[in-house]
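Below is one structure; the comments refer to it alone.
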Amino acid sequence: MMIRSKLKKAFLCAAMACMLTASVPWGIMTSFAASARIAFSDPTVTVGQEVNVTVKISSLSGEALGRSSLMLSYDPNVLEFVSGTDASGGAGSVSVKQAAEAGAQTMSTALTFRALQAGSTQITVSTQEVYDADEQIVTIDKLGNSTVTVEAEAGPS
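Residue 153 in the working numbering sits at position 143 of the sequence shown, with consecutive numbering throughout.
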(Lines of atoms letter the chains of each structure in order from A and count residues from 1; the text may use other names and numbers.)
(Lines give C-alpha, C1' and ligand atoms only; values in the text may rest on other atoms or scores of the structure.)
Protein backbone atom coordinates (compact mmCIF):
# COMPACT_ATOMS: atom_id res chain seq x y z
CA MET A 1 0.00 0.00 0.00
CA MET A 2 2.87 2.35 0.84
CA ILE A 3 4.52 1.70 -2.54
CA ARG A 4 1.24 2.48 -4.31
CA SER A 5 0.97 5.80 -2.51
CA LYS A 6 4.54 6.76 -3.43
CA LEU A 7 3.96 5.78 -7.07
CA LYS A 8 0.76 7.81 -7.12
CA LYS A 9 2.57 10.88 -5.73
CA ALA A 10 5.42 10.46 -8.23
CA PHE A 11 2.96 10.19 -11.11
CA LEU A 12 1.06 13.30 -9.93
CA CYS A 13 4.32 15.27 -9.60
CA ALA A 14 5.39 14.26 -13.12
CA ALA A 15 1.97 15.21 -14.52
CA MET A 16 2.12 18.61 -12.79
CA ALA A 17 5.63 19.23 -14.13
CA CYS A 18 4.44 18.44 -17.67
CA MET A 19 1.47 20.80 -17.33
CA LEU A 20 3.64 23.62 -16.00
CA THR A 21 6.16 23.11 -18.80
CA ALA A 22 3.39 23.25 -21.38
CA SER A 23 2.05 26.52 -19.94
CA VAL A 24 5.37 28.40 -20.18
CA PRO A 25 5.16 31.06 -22.92
CA TRP A 26 7.75 29.51 -25.23
CA GLY A 27 6.97 32.12 -27.90
CA ILE A 28 9.19 34.61 -26.12
CA MET A 29 12.12 32.24 -26.55
CA THR A 30 11.49 31.60 -30.24
CA SER A 31 13.64 33.55 -32.66
CA PHE A 32 12.24 34.42 -36.02
CA ALA A 33 14.39 33.69 -39.05
CA ALA A 34 15.37 36.66 -41.12
CA SER A 35 14.09 36.67 -44.67
CA ALA A 36 15.54 38.23 -47.81
CA ARG A 37 15.26 38.38 -51.57
CA ILE A 38 17.83 38.06 -54.33
CA ALA A 39 17.22 40.30 -57.35
CA PHE A 40 19.09 41.00 -60.58
CA SER A 41 19.21 43.67 -63.26
CA ASP A 42 17.99 42.74 -66.78
CA PRO A 43 20.34 44.49 -69.22
CA THR A 44 20.49 44.62 -73.01
CA VAL A 45 23.80 44.55 -74.90
CA THR A 46 25.16 44.21 -78.43
CA VAL A 47 27.28 41.22 -79.51
CA GLY A 48 30.96 41.86 -78.71
CA GLN A 49 30.29 44.41 -75.97
CA GLU A 50 30.61 44.05 -72.22
CA VAL A 51 27.54 44.25 -70.00
CA ASN A 52 27.13 44.73 -66.25
CA VAL A 53 24.67 42.63 -64.27
CA THR A 54 23.87 43.70 -60.71
CA VAL A 55 23.03 41.10 -58.04
CA LYS A 56 21.32 42.54 -54.96
CA ILE A 57 20.37 40.78 -51.72
CA SER A 58 17.87 42.74 -49.60
CA SER A 59 16.56 41.96 -46.13
CA LEU A 60 12.76 41.69 -46.14
CA SER A 61 12.44 41.40 -42.38
CA GLY A 62 14.57 44.38 -41.35
CA GLU A 63 17.50 42.41 -39.92
CA ALA A 64 21.05 43.37 -40.80
CA LEU A 65 22.75 41.04 -43.25
CA GLY A 66 26.15 39.51 -42.59
CA ARG A 67 27.52 37.53 -45.52
CA SER A 68 26.49 35.47 -48.50
CA SER A 69 27.79 32.81 -50.84
CA LEU A 70 26.06 32.41 -54.21
CA MET A 71 26.74 30.12 -57.15
CA LEU A 72 25.32 31.50 -60.39
CA SER A 73 24.82 29.71 -63.71
CA TYR A 74 24.74 31.17 -67.22
CA ASP A 75 24.99 30.00 -70.83
CA PRO A 76 28.69 30.16 -71.84
CA ASN A 77 27.70 30.11 -75.53
CA VAL A 78 25.98 33.49 -75.12
CA LEU A 79 27.99 35.15 -72.33
CA GLU A 80 31.57 35.09 -71.13
CA PHE A 81 32.34 36.05 -67.51
CA VAL A 82 34.91 38.87 -67.42
CA SER A 83 35.06 40.10 -63.81
CA GLY A 84 33.09 40.97 -60.72
CA THR A 85 33.33 42.37 -57.24
CA ASP A 86 33.94 39.45 -54.86
CA ALA A 87 33.33 37.05 -57.79
CA SER A 88 35.24 34.45 -59.75
CA GLY A 89 34.32 31.91 -62.36
CA GLY A 90 33.87 31.11 -66.02
CA ALA A 91 32.62 28.32 -68.28
CA GLY A 92 29.00 28.76 -67.19
CA SER A 93 29.27 29.45 -63.47
CA VAL A 94 30.26 32.31 -61.18
CA SER A 95 30.91 32.17 -57.43
CA VAL A 96 30.01 35.34 -55.52
CA LYS A 97 31.03 35.73 -51.87
CA GLN A 98 29.93 38.96 -50.22
CA ALA A 99 30.21 40.55 -46.78
CA ALA A 100 27.80 43.27 -45.74
CA GLU A 101 28.78 46.54 -44.14
CA ALA A 102 27.97 46.58 -40.41
CA GLY A 103 24.22 47.07 -39.94
CA ALA A 104 23.46 47.00 -43.69
CA GLN A 105 20.21 45.48 -44.90
CA THR A 106 21.45 45.08 -48.49
CA MET A 107 24.44 43.58 -50.28
CA SER A 108 25.12 44.31 -53.92
CA THR A 109 27.73 43.22 -56.44
CA ALA A 110 28.37 44.04 -60.09
CA LEU A 111 29.33 41.32 -62.56
CA THR A 112 30.74 42.02 -66.01
CA PHE A 113 30.09 39.70 -68.96
CA ARG A 114 31.01 39.88 -72.66
CA ALA A 115 28.20 39.14 -75.12
CA LEU A 116 29.23 36.38 -77.54
CA GLN A 117 26.14 35.81 -79.69
CA ALA A 118 22.67 37.26 -80.23
CA GLY A 119 19.76 35.92 -78.22
CA SER A 120 18.26 36.01 -74.77
CA THR A 121 19.75 34.13 -71.84
CA GLN A 122 19.31 33.93 -68.09
CA ILE A 123 21.69 34.11 -65.18
CA THR A 124 20.22 32.02 -62.36
CA VAL A 125 21.09 31.12 -58.77
CA SER A 126 22.26 27.49 -58.56
CA THR A 127 22.96 27.53 -54.81
CA GLN A 128 22.83 30.17 -52.13
CA GLU A 129 23.66 30.68 -48.47
CA VAL A 130 22.85 34.01 -46.86
CA TYR A 131 23.52 34.80 -43.19
CA ASP A 132 22.40 37.68 -41.01
CA ALA A 133 24.74 39.76 -38.83
CA ASP A 134 24.36 37.16 -36.02
CA GLU A 135 25.49 34.32 -38.35
CA GLN A 136 21.97 32.86 -38.51
CA ILE A 137 20.85 31.45 -41.86
CA VAL A 138 18.49 33.77 -43.75
CA THR A 139 15.43 32.38 -45.55
CA ILE A 140 15.25 33.49 -49.19
CA ASP A 141 11.58 34.29 -49.81
CA LYS A 142 12.01 35.76 -53.28
CA LEU A 143 14.61 34.42 -55.70
CA GLY A 144 15.02 36.26 -58.98
CA ASN A 145 17.21 35.82 -62.04
CA SER A 146 18.65 38.04 -64.75
CA THR A 147 17.51 38.02 -68.34
CA VAL A 148 20.26 39.36 -70.57
CA THR A 149 19.19 40.31 -74.08
CA VAL A 150 22.00 40.24 -76.63
CA GLU A 151 21.28 42.08 -79.85
CA ALA A 152 23.06 41.41 -83.17
CA GLU A 153 25.64 43.90 -84.32
CA ALA A 154 24.21 46.58 -86.56
CA GLY A 155 25.23 45.98 -90.15
CA PRO A 156 26.55 48.70 -92.46
CA SER A 157 23.88 51.11 -93.62
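Glycine residues also receive a C-beta, built at the ideal position from the N, C-alpha and C atoms.
Counterpart residues of residue i in DSSP-defined beta bridges
i: N62; result: T122
i: G129; result: V160
i: E139; result: S79
i: E145; result: Answer is none; E145 lacks a bridge partner.
i: G113; result: In the DSSP output, where bridge partners are listed per residue, G113 has none listed.
i: A46; result: S69 and I150
i: V106; result: L80 and A97
Nearest to residue i (by Cα), restricted to the options the options
i: G102; options: N87, T54 and T159; result: N87
i: V104; options: S83, Q115 and S118; result: S83
i: T122; options: S156, A74 and A110; result: S156
i: I147; options: V65, V61, E73 and A49; result: E73
i: V61; options: G154, R124 and S98; result: R124
i: T54; options: T116, V135, L126 and G154; result: L126
i: T137; options: V106, A110 and Q115; result: V106
i: S98; options: M81, G113 and L89; result: M81
i: A112; options: Q59, A164 and A143; result: A143
i: Q59; options: A110, M117, L89 and G94; result: L89
7 Å Cβ shell around residue i - same chain, five flanking residues per side excluded
i: E145; result: G76
i: V162; result: The question names Val, yet the displayed sequence has Ala at residue 162. Excluding positions up to five away in sequence, the list reads V57 and A128.
i: D96; result: V106, K107, Q108 and T119
DSSP three-state assignment for residue i, whether helix, strand or coil
i: D52; result: coil
i: G76; result: strand
i: T95; result: coil
i: D151; result: strand
i: V57; result: coil
Own chain, CB closer than 6 Å to residue i, minus 5 neighbours either side, in chain order
i: E139; result: S79
i: S45; result: L70, S71, T149 and D151
i: G100; result: F91
i: S51; result: V63 and T64
i: T159; result: T54 and S130
i: Q132; result: N155 and T157
Minimum Cβ-Cβ distance from residue i to chain B less than 8 Å
i: G72; result: In the displayed structure, chain B is absent; only one protein chain is listed.
Same chain, Cβ closer than 8 Å to residue i, neighbours up to 5 away in sequence not counted
i: Y141; result: L75, G76, R77, S78, I147 and V148
i: Q115; result: S68, S69, G72, E73, A74 and L75
i: L153; result: R47, I48, V135 and Q138
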